[in-house]
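Student:
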RNA sequence: GGAGAGAUGGCUGAGCGGUUGAAAGCACCGGUCUUGAAAACCGGCAAAGGGGCAACUCUUUCCUGGGUUCGAAUCCCAGUCUCUCCGCCA
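As structure tokens, this is what we get:
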């Protein structure tokens with residue numbers, strides 16, 4: 206959510222920066238609504254003052270007049286709320302502004318590769334895809350999931366289920382022990398206001414799984430990412446600067462409809478309606494967002510380093526960023542069967558964009574109140590990490606080596622194979 | 001699911017029709033005292049929005065939404081949430 210005061214001050218740069226994100230704003234409309242809004246506020250306040258004075262005077266002769274004023278105030282109020290709603294609707298559907306160092310571009314083709322890491326293994330056989338491997342091991346069952354649930358779900362069984370759990374635990378342990386995150390086990394369901402706070406609503410309602418409820422005024426959604434619920438932990442709060450930064454980590458299932466991606470990655474578990482993800486969220490002073498973004502991204506890359514998976518770090522272009530982000534790094538892991546890198550983590554700074562939507566503020570040492578900065582990143586997407594481990598650690602006989610870093614979590618299983 | 005109680009500022013908690021944005025305490029900030037600190041004493045301390053270059057000023061807000069009244073934190077109605085007891089249950 207953008208601050209109307211800031212927009213007022215920087216009309217041109219505001220429109221220009223949104224254009225960088227391929228969004229055309231009706232800037233004239235915003236200006237006009239803002240003007241009307243303030244105009245009506247002034248009118249209303251004047252009347253309220255008059256009314257207040259009358260009641261203070263306790264002068265019975267003026268009581269009739271006070272009643273008339275009430276009627277007038279009511280009229281103005283209803284106009285006011287119409288205008289205000291229209292303005293808010295526009296403002297709440299505009300994405301965050303990109304930072305200056307974000308490359309300009311329409312889509313992912315303008316993303317900038319920062320660096321490649323790790324060593325891509327040279328297989329002396331044709332590496333199999335994760336779904337072939339999983340299917341042969343009888344540990345990934347897509348057909349069964351289709352039968353019980355529908356497309357884009359999967360049963361993970363036996364040692365791969367263990368591996369999935371091991372990955373999750375390994376990641377969380379790393380983040381709480383080495384990176385100073387606080388572990389959280391949050392609700393997996395969020396209400397409408399919470400979804401608005403992080404920017405999933407109102408614009409991306411169709412991507413969400415909504416829970417059927419009798420009460421239309423109490424809408425509930427399965428979280429599409431723990432970012433939603435973790436970031437909203439500071440909703441409506443005024444924090445003390447001494448409490449910052451706050452860093453939360455959670456491993457949760459994520460639920461997404463992925464509308465619009467049908468036909469893409471239909472095979473395997475790259476793109477599922479449900480998947481596990483270890484999520485990192487930081488609440489910081491707004492001026493340390495950029496610094497925290499580097500730190501958070503390092504926390505995520507550290508997991509890939511420890512798992513010895515080859516990956517690259519990519520700076521997203523303005524056209525490829527998510528709605529709430531001002532700057533995003535993607536981490537892409539090497540997928541041998543596809544002979545390319547695929548997204549496994551996305552770390553974003555949102556500046557104060559989400560904080561304004563959530564009304565999450567803090568008090569600095571001078572006791573000034575300001576909105577906090579929020580960041581979120583995957584550390585990492587567990588489902589996709591499972592894929593990466595399967596494919597990168599496969600042997601010619603279709604068995605899977607367990608990465609060194611995961612061994613403490615694998616109940617002495619060192620190699621995953623049929624037995 | 002049944003029966004009660006409650007929701008007030010960062011927290012605890014008074015107020016139950018008229019200068020109450022709201023007592024008191026805690027926390028916090030400033031000052032006096034002190035070699036320094038503590039204690040004690042004195043003073044300050046809500047947020048959002050509007051107007052103003054500014055000093056400042058106005059409006060709104062005592063869970064939410066309606067209603068009564070010239071006037072509501074206070075009365076009425078509906079809803080939400082919390083707590084206690086009982087039942088049920090992983």
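Numbering (my numbering), first residue to last: 206 to 624. We put the beta carbon where it would ideally sit given N, CA and C, even for glycine.
(1) To the nearest angstrom, report how far apart residue 503 and residue 244 are at their CA atoms.
(2) Do residue 457 and residue 482 have their C-beta atoms closer together than 8 Å?
(3) Classify residue 553 as buried or exposed, calling it buried when 16 or more other Cβ atoms lie within 10 Å of its own Cβ.
(4) Near residue 414, what residues of its chain come up, given a Cβ to Cβ distance below 7 Å and the 5 sequence neighbours on each side ignored?
(5) Note down the Cα distance separating residue 622 from residue 598, rounded to an integer number of angstroms.
(6) Using only CA atoms, which one of 240, 612, 366, 497 lies nearest to residue 285?
(7) Reducing DSSP to helix, strand and coil, say where residue 413 ends up.
(8) Roughly how many whole angstroms lie between the Cα atoms of residue 306 and residue 386?
(9) Which whole-angstrom value describes the C-beta separation of residue 412 and residue 429, a residue pair presumed to lie in contact below a C-beta threshold of 8 Å?
(10) If you draw a straight line from the alpha carbon of residue 603 to that of residue 595, how long is it in whole angstroms?
(11) Kindly indicate which residue of 225, 253, 212, 345 has the alpha-carbon position closest to the one of residue 233.
(12) List the whole-angstrom C-beta distance separating residue 564 from residue 441, where the pair is believed to meet the contact cut-off of C-beta under 8 Å.
(13) Tell me, which residues are paired with residue 578 by DSSP?
(14) Where do the ends of the alpha helix (DSSP H) carrying residue 312 lie?
(15) Grab me the residues of residue 612's own chain with a C-beta within less than 8 Å of its C-beta, minus the 5 sequence neighbours each way, in chain order.
(16) So, using beta-carbon positions, are residue 452 and residue 495 closer together than 8 Å?
(17) Tell me where the alpha helix (DSSP H) around residue 217 begins and ends.
(18) Across which residues does DSSP place residue 517 in a beta bridge pair?
(19) Take residue 230 and list the residues in its own chain whose beta-carbon comes closer than 6 Å to its own, dropping the five residues that flank it on each side.
(20) Could you pull the start and end residues of the alpha helix (DSSP H) that residue 494 belongs to?
(21) Give the single residue among 270, 300, 368 whose Cα lies nearest to the Cα of residue 405.
(22) Counting along the chain, where does the beta strand (DSSP E) carrying residue 548 start and finish?
(23) Taking the beta strand (DSSP E) that residue 269 belongs to, which residues open and close that run?
Tutor: Quick answer:
(1) Position 298 of the first chain, counted from the first residue, corresponds to residue 503. Position 39 of the first chain, counted from the first residue, corresponds to residue 244. About 49 Å.
(2) Here residue 457 corresponds to residue number 252 of the first chain, with the count starting at 1. Here residue 482 corresponds to residue number 277 of the first chain, with the count starting at 1. Result yes, Cβ atoms of residue 457 and residue 482 sit closer than 8 Å.
(3) The residue you call residue 553 lines up with position 348 of the first chain. By the neighbour-count rule (16 or more Cβ atoms within 10 Å), residue 553 is buried.
(4) Sequence index remark: in the first chain, residue 414 carries index 209 (1-based). Correct list, in chain order: 426, 427, 460, 462.
(5) Translated into the one-based positions of the first chain, residue 622 becomes position 417. Translated into the one-based positions of the first chain, residue 598 becomes position 393. Computed Cα separation, rounded: 12 Å.
(6) Residue numbering aside, residue 285 sits at position 80 when the first chain is read from its first letter. Nearest option by C-alpha distance: 240.
(7) Start at 1 with the first residue of the first chain, and residue 413 comes out as number 208. Coil, per DSSP.
(8) Here residue 306 refers to the residue found at position 101 when the first chain is read from its first residue. Here residue 386 refers to the residue found at position 181 when the first chain is read from its first residue. If I take the Cα positions, the gap works out to 27 Å.
(9) Start at 1 with the first residue of the first chain, and residue 412 comes out as number 207. Start at 1 with the first residue of the first chain, and residue 429 comes out as number 224. Right, the Cβ-Cβ distance comes to about 7 Å (below 8 Å), so this counts as a contact.
(10) As a working mapping, residue 603 is identified with position 398 in the first chain. As a working mapping, residue 595 is identified with position 390 in the first chain. Each residue's Cα considered, the two are about 10 Å apart.
(11) Looking up residue 233 in the first chain gives position 28. Ranking the options by Cα distance to residue 233, first place goes to 212.
(12) As a working mapping, residue 564 is identified with position 359 in the first chain. As a working mapping, residue 441 is identified with position 236 in the first chain. Rounded, the Cβ-Cβ distance is 5 Å, consistent with contact.
(13) Against the first chain, residue 578 aligns to sequence position 373. According to DSSP, residue 578 bridges with 489.
(14) Here residue 312 refers to the residue found at position 107 of the first chain. Looking at the DSSP string, residue 312 is not in any alpha helix (DSSP H), and its letter there is neither H nor E.
(15) On the first chain, position 407 is the one that residue 612 refers to. Excluding the 5 residues flanking it on each side, residue 612 has same chain C-beta neighbours closer than 8 Å at 619, in chain order.
(16) Numbered from its first residue, the first chain carries residue 452 at position 247. Numbered from its first residue, the first chain carries residue 495 at position 290. No. Outside cutoff.
(17) Within the first chain, numbered from 1, the residue matching residue 217 stands at position 12. Element bounds for residue 217: 216–225.
(18) One-based indexing of the first chain puts residue 517 at position 312. Among the bridge pairs identified by DSSP, residue 517 is matched with 321, 537.
(19) In the first chain, the residue the question calls residue 230 occupies position 25. Here the set comprises 220, 223.
(20) As a working note, residue 494 is residue 289 in the first chain. For residue 494, the enclosing alpha helix (DSSP H) has its first and last residue at 494–512.
(21) Position 200 of the first chain, counting from 1, holds the residue named residue 405. Cα-wise, what sits closest to residue 405 is 300.
(22) Position 343 of the first chain, counted from the first residue, corresponds to residue 548. Start and end: 545–554.
(23) Residue mapping note: residue 269 aligns to position 64 of the first chain, counting from 1. Unbroken run through residue 269 is the alpha helix (DSSP H), 268–297; no beta strand (DSSP E).
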